[in-house]
Amino acid sequence: MTAIPLVFALLAAGIWFAAIAERFASARRFPSAIVLAPLWQAARLLSQQRVRTEYPDALNWALAPLVYGALAVAGLSVVPFAPGLVVAPLDTGIVLWGACEALTIVAVFLHGWSANSMLPLIGGYRFVAIGLPAMLLSMFVLIAAALPAQSLAVGAIVESQRSMWNMVRQPLGLPLFLLLGLAISLRGPMDYGDASDLSGGTAAEVSGPHRLAWGIARLAMLTAFAAMGASVFLGGYLGPWLPGPAWLALKTAALLLVLTWLGCNLARMPAPRMMAALWLVLLPLSFLDLVIAGVEALL
Amino acid sequence: MAVRALAWLAERSATPVYIACGQDGDAMAARLAQVPAISLQHSIRHAAILLVAGPYRDADRPALRRLHDQLPHPRATVWWGAVPLAEAQDAVTIAQGDHPVARLRRLDRNLLRGERASEPDWLPDEPPNEWRGKGDHGQGGEGMMGGVPYGRPMAMMGEEMRDALMLDAMTITIGPFLRTLPPGLSLELTLQGDVIQQARVVTPAYPASGGASEPLLRAARMLESLGLPDLARRAQISAMRDSAEGLLAAARRCGALLALPAELADVRARLEAALRGGTAPDPGEEWLVDRLAGMEWQSALLRIASFDPATLAQIAPAAEPDEDEEDGDEKERAA
Amino acid sequence: MGALANLILAMAVGAALLLPMLWWPMQLGGASGQSQQVPFLGGGSQSAHAWQRFHIRYYPMTLLFIAFEMEMMFMYPWAVVYVETGIKALAEMGMFLSILGVGIVYAWREGVFRWQ
Amino acid sequence: MTAADLAFYVLSAIAVVSGWRVFRTDSMVRASFLLMLSFIAVAAIMLMLAAPYIGMATVFMMAVEMMVMALFMVMFMMNPAGLNPMNMVHQNRLSIGAGATAFVGLTVAVLFTDLPHEKVARQAPVIRDLGHELLGPSMLIFESAGVTLLAAMVASVVLSARSGRFGPSDEGSRPPGLEPGGEPAGRIPESEQEDE
Chain A
856 MTAIPLVFAL LAAGIWFAAI AERFASARRF PSAIVLAPLW QAARLLSQQR
906 VRTEYPDALN WALAPLVYGA LAVAGLSVVP FAPGLVVAPL DTGIVLWGAC
956 EALTIVAVFL HGWSANSMLP LIGGYRFVAI GLPAMLLSMF VLIAAALPAQ
1006 SLAVGAIVES QRSMWNMVRQ PLGLPLFLLL GLAISLRGPM DYGDASDLSG
1056 GTAAEVSGPH RLAWGIARLA MLTAFAAMGA SVFLGGYLGP WLPGPAWLAL
1106 KTAALLLVLT WLGCNLARMP APRMMAALWL VLLPLSFLDL VIAGVEALL
Chain B
-13 MAVRALAWLA ERSATPVYIA CGQDGDAMAA RLAQVPAISL QHSIRHAAIL
37 LVAGPYRDAD RPALRRLHDQ LPHPRATVWW GAVPLAEAQD AVTIAQGDHP
87 VARLRRLDRN LLRGERASEP DWLPDEPPNE WRGKGDHGQG GEGMMGGVPY
137 GRPMAMMGEE MRDALMLDAM TITIGPFLRT LPPGLSLELT LQGDVIQQAR
187 VVTPAYPASG GASEPLLRAA RMLESLGLPD LARRAQISAM RDSAEGLLAA
237 ARRCGALLAL PAELADVRAR LEAALRGGTA PDPGEEWLVD RLAGMEWQSA
287 LLRIASFDPA TLAQIAPAAE PDEDEEDGDE KERAA
Chain C
6 MGALANLILA MAVGAALLLP MLWWPMQLGG ASGQSQQVPF LGGGSQSAHA
56 WQRFHIRYYP MTLLFIAFEM EMMFMYPWAV VYVETGIKAL AEMGMFLSIL
106 GVGIVYAWRE GVFRWQ
Chain D
0 MTAADLAFYV LSAIAVVSGW RVFRTDSMVR ASFLLMLSFI AVAAIMLMLA
50 APYIGMATVF MMAVEMMVMA LFMVMFMMNP AGLNPMNMVH QNRLSIGAGA
100 TAFVGLTVAV LFTDLPHEKV ARQAPVIRDL GHELLGPSML IFESAGVTLL
150 AAMVASVVLS ARSGRFGPSD EGSRPPGLEP GGEPAGRIPE SEQEDE
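Protein chains in written order, with my numbering: chain A, 856 to 1154; chain B, -13 to 321; chain C, 6 to 121; chain D, 0 to 195.
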């Protein structure tokens, strides 16, 4: 219960930080006070009309950003801020995270479907093609991280990294996991839902406050993902001198920077090729990651 | 009070603009690319101001009207080197040579503060087809697939060329003001899923003005479709400065060339040449529409964007318009 | 039980924070009619409702995916007892990955990972 | 009534109502995701019944399965968004009979089965026990499930993919006629058409 405010504090800070990092990475340093730029952008979207299309599925259109945001909160709820300081100390932490990934695909698909317009529709469908196999990747690398911990709880996975971080022990895990993060927060090389070649994809018909909600949900998911990645691969709250939550926040910020940089600097290949690459190259790599983790755990 | 506070905050953010490129509009857009106070949007729903850049053709008027009405309120239109349509009241015009940033910012501020009224619709407030009270349930539809439920018919089954599974074929017209297409080019596509079954050129792209910066602007458009907006902006700025230095190396670092699969080897070659500031020769023998058949959406857009204007004019001339389309245009003009 | 209640509470707060944005009263500017609601296609138009029998191009992949997913569900409990069980669990993993590997190779040979 | 009881009733109500709405909505997408909602409510009840892994796995599996189901429902059903109202219920009498029989059967099973009354300790390592079960006594079941799923993968590819190592899979096939020996009722593959 006491951890709930912490979750929202980390989410708010993460959203703000990621929004600024994005502006910085893209060298659009306007307005001069870059720190407040996200607030100004939010005010603009709040003063704009929310357009509706001809015959949308209005309920699902509005539900999609809400579900997306709630899923980000759910994902962050299983991440411990310090030993015992966690909203939901579930034994099935990484399974819950997997369920959040799966439901995120549903939310993005619904967002694309509900507008009853061609560009969002294509975006929603294309996202499913990439989101599903990307989810398999993340399941393999998370299971690999659970092997030395002998538990599916995120807290136990963090504790198992006291001697060595999983990033070192299972070198393939983090890079593969980052790909999933790019996919579920719709950015850069894995942005098959809201892509620019579809004029914004699932968000192409969305304006004003609705677009703000969608953007916040995307960044919230990115933050939740970064906190999850920091806990599973970078030792989460573990670290000398500083208290646990501070370490988690620092590591989350570091991963946010990496994700933003990757999102701005990698090209997006056509979806058929990415689908083939996910199944034929990256999935076997995640098998290899599991084998490495398995052998390492028994040694 | 609250509205004023919101406006005070909002006017500090960059002005979101949707640019409808006419003749030479591409180069005009590039001039805005380096201005941080203006952000060019991909969808009209994300913009506050419609900026018509450069002269447009008579055939583009219906599209321009449609585009204008899709803007969310508060909204305005600016005519930059273009003649305002008759519907535009209190039109803001800027000469082609002038820089529009100051005017755009002032207009944006006025809109947010409520000092300038948001523009009303230009098209009549009526559905695409009359449906109210018609049909089995008053929704305009008949039976399972028939009629015009809520104003539009449903897509019907069509032949499929790739996996022979006959599902609905959807016909859409994209352009002439879609930012990921060459300015002026409008295509009628018949899609099954995201694969193009059939294409037809509705209006051709604007002819080349012969600027030396054209290859870099073309490269910028392809980079946009590859999900590299920052690099695309860099290419636009390079185009303004007439120097492609370091651009190809930067594109390679981002994997822009690697991202293109073997089927798009021609696109890769043209992108590489464009990033060098040149043009790869194309025999120009096959029609554009034939080259698009069977292609997936992103690959198709990349291929269209890769042709230089001279080749595009050769392989994608205007097709004979359909009869009903002519009717549609006339109806709109009369309205 | 307490964990579950906390989880649901946190999710509800998250959704409640976003809700006002979808129900935002302060909007500037005038009213618009049906011409605003036409789907955006860069000035173009669509002939029919976008909702259609959408021809997805990856349908064999989704079926393969479901089978994969089922298989994966056995792996979670397996991962928990992996270290305790030792070499038997390692053999088990070999079995698992080879079954999945055979599935992938077969599907690749049959061209499942292409756009159909 | 405790909070747990209240939660149980609320979740049951969500499961039943959304399950009923599946058959009352016209949109295939809504129907799929209403069914998903129903399953998620059931999964939450399982979580309350101290079955943490099965409950969470149900959410996970149902999310992806209903997603895929929505894809196929939209792909193959006429009027997938329900723009024209339609009836989602067919063969009413048979289905009422089947539903009533199943309900009575299940009720009888629930009421007359001697269910165990062992209390599961709050901190019982259920996932660990499940793992030991899978790698111990139930090894054979587990392994045969793996092979069965491989067979399912092969079967789904064979049935659904047109492309293949040996050319299009419908080559040489002809749709059956409406009456025995009649004209093929459907599309004939192009390769066949050339032969004729």
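No residue lacks a Cβ here, since even glycine has one placed at the ideal position from N, Cα and C.
So with CB distances below 7 Å, who are the chain C contacts of residue i?
{"i": "residue 10 of chain D", "result": "Ordered by position in chain C, no residue passes the 7 Å Cβ test against residue 10 of chain D, which lies about 10 Å from the chain."}
Less than 9 Å between the C-beta atoms of residue i and residue j, yes or no?
{"i": "residue 108 of chain C", "j": "residue 153 of chain D", "result": "yes"}
{"i": "residue 73 of chain D", "j": "residue 15 of chain D", "result": "no"}
{"i": "residue 345 of chain B", "j": "residue 244 of chain B", "result": "Nothing about residue 345 of chain B can be read from this structure; chain B reaches only from -13 to 321."}
{"i": "residue 87 of chain C", "j": "residue 56 of chain D", "result": "no"}
{"i": "residue 1065 of chain A", "j": "residue 24 of chain C", "result": "no"}
{"i": "residue 25 of chain D", "j": "residue 66 of chain D", "result": "no"}
{"i": "residue 950 of chain A", "j": "residue 1012 of chain A", "result": "no"}
{"i": "residue 32 of chain B", "j": "residue 1051 of chain A", "result": "no"}
When burial is assigned at 16 or more other CB atoms within 10 Å of the CB, is residue i buried or exposed?
{"i": "residue 105 of chain B", "result": "buried"}
{"i": "residue 861 of chain A", "result": "buried"}
{"i": "residue 146 of chain D", "result": "exposed"}
{"i": "residue 138 of chain D", "result": "exposed"}
{"i": "residue 1021 of chain A", "result": "buried"}
{"i": "residue 41 of chain C", "result": "buried"}
{"i": "residue 122 of chain D", "result": "exposed"}
{"i": "residue 916 of chain A", "result": "buried"}
{"i": "residue 1 of chain D", "result": "exposed"}
{"i": "residue 878 of chain A", "result": "buried"}
{"i": "residue 1096 of chain A", "result": "exposed"}
{"i": "residue 1084 of chain A", "result": "buried"}
Expressed to the nearest angstrom, what Euclidean distance is found between the alpha-carbon atoms of residue i and residue j?
{"i": "residue 317 of chain B", "j": "residue 112 of chain B", "result": "Summary for residue 317 of chain B: the model assigns pLDDT 41, below 50, so the residue's position carries little reliability, and this model does not support an answer."}
{"i": "residue 870 of chain A", "j": "residue 1039 of chain A", "result": "15 Å"}
{"i": "residue 911 of chain A", "j": "residue 972 of chain A", "result": "8 Å"}
{"i": "residue 984 of chain A", "j": "residue 992 of chain A", "result": "14 Å"}
{"i": "residue 1035 of chain A", "j": "residue 105 of chain D", "result": "42 Å"}
{"i": "residue -6 of chain B", "j": "residue 91 of chain B", "result": "13 Å"}
{"i": "residue 76 of chain D", "j": "residue 1107 of chain A", "result": "45 Å"}
{"i": "residue 1054 of chain A", "j": "residue 181 of chain D", "result": "50 Å"}
{"i": "residue 21 of chain D", "j": "residue 93 of chain D", "result": "19 Å"}
{"i": "residue 130 of chain D", "j": "residue 77 of chain C", "result": "13 Å"}
{"i": "residue 1141 of chain A", "j": "residue 998 of chain A", "result": "10 Å"}
{"i": "residue 109 of chain D", "j": "residue 115 of chain D", "result": "12 Å"}
{"i": "residue 858 of chain A", "j": "residue 937 of chain A", "result": "10 Å"}
{"i": "residue 167 of chain B", "j": "residue 1149 of chain A", "result": "50 Å"}
{"i": "residue 1094 of chain A", "j": "residue 7 of chain C", "result": "29 Å"}
{"i": "residue 188 of chain B", "j": "residue 273 of chain B", "result": "14 Å"}
{"i": "residue 156 of chain D", "j": "residue 178 of chain D", "result": "30 Å"}
Using a Cβ cut-off of 7 Å, pull out every chain D residue sitting near residue i, in sequence order please.
{"i": "residue 130 of chain B", "result": "77, 78, 83 and 85"}
Along chain B, in chain order, which residues have C-beta atoms closer than 9 Å to that of residue i?
{"i": "residue 977 of chain A", "result": "177, 179, 180 and 283"}
{"i": "residue 164 of chain D", "result": "The contacting residues do not exist; residue 164 of chain D stays about 16 Å from chain B at best."}
{"i": "residue 1073 of chain A", "result": "Near residue 1073 of chain A there are no residues of chain B at all, since even the closest Cβ is about 14 Å away, more than 9 Å."}
Quick one: list the residues of chain D neighbouring residue i, beta-carbon separation under 8 Å, in chain order.
{"i": "residue 983 of chain A", "result": "66 and 70"}
Listing by chain order, which chain A residues have their CB less than 9 Å from the CB of residue i?
{"i": "residue 166 of chain B", "result": "1051, 1052, 1053 and 1054"}
Distance cutoff 9 Å, beta carbons only. Does residue i sit that close to anything in chain E?
{"i": "residue 75 of chain C", "result": "Of the chains in the structure shown, none is chain E; the protein chains are A, B, C and D."}
Closer than 8 Å by beta-carbon distance: list the chain B residues that pair up with residue i, in chain order.
{"i": "residue 173 of chain D", "result": "Here the premise fails: no neighbours, minimum Cβ distance about 14 Å."}
Can you pull the chain D neighbours of residue i, defined as C-beta to C-beta under 9 Å?
{"i": "residue 18 of chain C", "result": "Residues of chain D passing the Cβ test: none, with the nearest at roughly 18 Å."}
Please compile the residues from chain B whose C-beta is within a distance smaller than 7 Å of the C-beta of residue i.
{"i": "residue 1127 of chain A", "result": "282"}
{"i": "residue 904 of chain A", "result": "58 and 59"}
Using a C-beta to C-beta distance shorter than 8 Å, which residues of chain C count as neighbours of residue i?
{"i": "residue 153 of chain D", "result": "108 and 111"}
Run through chain A and tell me which residues come within less than 7 Å of residue i, C-beta to C-beta.
{"i": "residue 328 of chain B", "result": "Since the displayed chain B opens at -13 and closes at 321, residue 328 of chain B lies outside it and no answer follows."}
Positions along the region 1036 to 1056 of chain A whose CB lies within less than 8 Å of some CB in chain B:
1043, 1044, 1046, 1050, 1051, 1052, 1053, 1054 and 1055
Mind listing which residues of the region 20 to 50 of chain D have their C-beta closer than 8 Å to chain A's C-betas, in chain order?
26, 28, 29, 32 and 35
When you check each C-beta in the region 42 to 66 of chain C against every C-beta of chain D, which residues fall closer than 8 Å?
54, 56, 57, 58, 59, 60, 61, 64 and 65
Would you list, in chain order, the members of the region 134 to 159 of chain B that have their beta-carbon closer than 9 Å to a beta-carbon of chain A?
135, 136, 137, 138, 156 and 158
Please name the residues in the region 201 to 234 of chain B whose beta-carbon is closer than 7 Å to at least one beta-carbon of chain C, in chain order.
none
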